[in-house]
Amino acid sequence: MDETEIIEKQTILVEKITDADMVLVGIGEEFHEDFKEIHRFPNLMSALEEVDINETLEWAIPFLEHRFLIEHKDGSLEEAYKKLYELVKDKNYFVITTCIDEIIQRAPFDNERVVAPCGNYQMLQCSEKCCNTLYPSKDFSDLVNQAILDNVGLDSLEEPKCPVCGKSLVYSNILCEQNYVEEGYQKQWENYTKWLQGTLNKKLCILELGVELNLPNIIRWPFEKVAFYNQKASFFRINASLYQMTEELSGKGVSIAMNAVDFLREYTLSDRTETEGLS
Ligand SMILES: [Zn+2]
2 MDETEIIEKQ TILVEKITDA DMVLVGIGEE FHEDFKEIHR FPNLMSALEE
52 VDINETLEWA IPFLEHRFLI EHKDGSLEEA YKKLYELVKD KNYFVITTCI
102 DEIIQRAPFD NERVVAPCGN YQMLQCSEKC CNTLYPSKDF SDLVNQAILD
152 NVGLDSLEEP KCPVCGKSLV YSNILCEQNY VEEGYQKQWE NYTKWLQGTL
202 NKKLCILELG VELNLPNIIR WPFEKVAFYN QKASFFRINA SLYQMTEELS
252 GKGVSIAMNA VDFLREYTLS DRTETEGLS
């Protein structure tokens, strides 16, 4: 897709958002943190080396990843979220994301308008799901951080255990697979469902950003359905590889064949205005 075509579609996108009563945003795989930059944190790297040598410490890896997410600032994802926020902030929006990394919270989105059904790193749960109890993760995360800072070794820590059955406690998110305790997001999911019901007969602009096919029943398929049934909907699918539009949506759908993170970073309204101002 050449630059002119992207700019044309970006212009349509901004027009549709401006004109919309409601904006539905779905965020998927292209936004998932890949932890590639973890090598920039020597403390975390030496902790990971300790795990390499002593595999009984493998339980600590997600806690180190969480630490990385807290400390890693100003990455490209953060920038993309801030641009996205600027696009939708004045609208009646709702964001659904399959990300568990919480980087979206670096932009000032209203938490009441974001749902993350795949969980995150806020709560711990029993790895065996002996019950549905959730425990805040902060205290233990702080202990891990202190051990890293003091350089006392991860083996100075005791793995957190379920107070009910004694099995490991793990972060409550989709990485628990079939044992994932889904209570954590249920209330917000209800709010999302109600909001969606309110989009009927409204001018709805749908942005599907970097959503692939690993979890198609969370965003990709439901969004297609919403777009199909809403006569006033416009639908933007932005994705480097899976940008094709279904035939049913060809009338109201716009495909942008580009990584959605890069698209947001490089083709926002303010950037364009600046560029035009210079030329
Ligand atoms: Zn348990």
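Per this note's numbering, residue 2 is the first one in the sequence shown, and the count goes up by one each step. Ideal Cβ positions, reconstructed from N, Cα and C, are used throughout, including at glycine. Predicted model, so just to flag it, every value in this text is computed and none were measured.
Check: residue i C-beta below 7 Å from any heavy atom of ligand 1
i: residue 165; result: yes
i: residue 129; result: yes
i: residue 119; result: no
i: residue 132; result: yes
i: residue 168; result: yes
DSSP beta-bridge partners of residue i
i: residue 206; result: 24, 235
i: residue 125; result: 136, 172
i: residue 96; result: 26, 115
i: residue 17; result: Note: residue 17 sits in no beta bridge, so no partner.
i: residue 120; result: 174
Proximity below 8 Å, CB of residue i to CB of residue j
i: residue 210; j: residue 261; result: yes
i: residue 45; j: residue 149; result: yes
i: residue 34; j: residue 213; result: no
i: residue 126; j: residue 171; result: yes
i: residue 81; j: residue 100; result: no
i: residue 24; j: residue 18; result: yes
i: residue 10; j: residue 220; result: no
i: residue 135; j: residue 185; result: yes
i: residue 229; j: residue 14; result: no
i: residue 94; j: residue 109; result: no
Enclosing beta strand (DSSP E) for residue i [first to last residue]
i: residue 256; result: 254-257
Where residue i sits in the DSSP three-state scheme
i: residue 193; result: helix
i: residue 29; result: coil
i: residue 199; result: coil
i: residue 76; result: coil
i: residue 276; result: Only weak support exists for where residue 276 lies, its pLDDT of 44 falling under 50; the value from the coordinates is given anyway. Correct three-state label for residue 276: helix.
i: residue 185; result: helix
i: residue 9; result: helix
i: residue 130; result: coil
i: residue 83; result: helix
i: residue 1; result: Residue coverage of the chain in this structure runs from 2 to 280, which leaves residue 1 outside it and unanswerable.
i: residue 243; result: coil
i: residue 180; result: helix
Extent of the continuous alpha helix (DSSP H) run through residue i
i: residue 223; result: 221-230
i: residue 264; result: 261-267
i: residue 101; result: Premise fails: residue 101 is in no alpha helix (DSSP H) and is neither H nor E.
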